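Peer 1:
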């Protein structure tokens, strides 16, 4: 699936993309872990040309969450199997979940020079 998503970005940008050897990776947000366990991710930008987030959890498995984009003051909520592509330089955060567990697959892609 990572190669398919990379291909989508290549078609969209009309450029070859590469992902490093640590990609893709899966993020787990949970309220069921010990203190300090990830419930979300603070506002940040990624050190890549494009980021792809693929939702791997169904809505009934968690409450809250989403990807917040500060430039437009909007939170995007994905359904299972949906993905979002955004430039890596955009400030964004993983909104805290309030209940359950949420998984997303993340790819960091860079244009081949």
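In the numbering used here, the protein residues as written are 417 to 529. Positions of the beta carbon are idealized from the N, C-alpha and C atoms, including for glycine. Just so we're clear, the structure is a prediction, and the values are computed from it rather than from any experiment.
Roughly how many whole angstroms lie between the Cα atoms of residue 504 and residue 467?
Peer 2: Rounded to whole angstroms, residue 504 to residue 467 spans 5 Å at the Cα level.
Peer 1: On the DSSP letters alone, give me the boundaries of the beta strand (DSSP E) that residue 426 sits inside.
Peer 2: Per DSSP, residue 426 belongs to no beta strand (DSSP E); it is in the alpha helix (DSSP H), 418-429.
Peer 1: Spatial neighbours of residue 487 within its chain, please: C-beta separation below 8 Å, excluding the five flanking residues on both sides.
Peer 2: Cβ within range, chain order: 506, 507.
Peer 1: So, is residue 510 buried or exposed, given that buried needs 16 or more other C-beta atoms within 10 angstroms?
Peer 2: Result: buried.
Peer 1: What separation, rounded to the nearest whole angstrom, lies between the Cα atoms of residue 524 and residue 422?
Peer 2: So the two alpha carbons sit approximately 9 Å from each other.
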